[in-house]
Structures are given as C-alpha cells and as structure tokens.
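Residue numbers (the working numbering): 3 to 90. Step one of this worksheet: look at the structure below.
This is the structure:
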C-alpha cells in the first residue's frame, strides 16, 4: 500500500503526513528535473562526440574517453544550479 493510500483509510486527515507527502513529492520532482537539466547540458558540450569526450591534453594529443560528467564544464553548471537552489 502506498503512503498516499494510508491517508484515505483514516477518517481524519493527519496534516503532518500530508505535508511530508507533498514535501517528498516536491523533492523527488525537483531532483528528477535537475538530473534531466544536467544531462541536457552535458549533451550540449562541444567536446562531446557520441558518448566520448574528445578533448586535447596538455601535450596536444586528442583523448577519447567516455564522458563521466566529471569535467569543469559540468562542475560549473552544477555549482550554478546549487546557487539557484540555495537562494530559495
């Protein structure tokens, strides 16, 4: 039985449970949207070719590693998202 089903079994509504359920749903939705935004931003990277990160090393050679999302490009975007979330 789901958490939201428990609220309709009792005759009286427990507002703390309703508040927690709404807060959890908001958090889940926000995290899902954040994940989608980060993935969309990753796909816009000009170094990305398929799923490979085609960057140049300091020696001028081309590295072809699988994009792990641990680059300066995405870290900067994540920090901007964190700033936006902390302002709320």
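Every residue gets a Cβ at the ideal spot worked out from N, C-alpha and C, and that includes glycine. Predicted model only: the values in this text are computed from it and were never measured.
Under the three-state reduction of DSSP output, residue 55 falls in the strand class. Residue range 17-45 is occupied by the alpha helix (DSSP H) that includes residue 29. Looking at the DSSP output, residue 76 shares a beta bridge with no other residue.
Across the structure, residue 68 and residue 16 are spaced so that their CA atoms are roughly 49 Å apart. Using a Cβ distance threshold of 7 Å, residue 49 and residue 55 count as a contacting pair.
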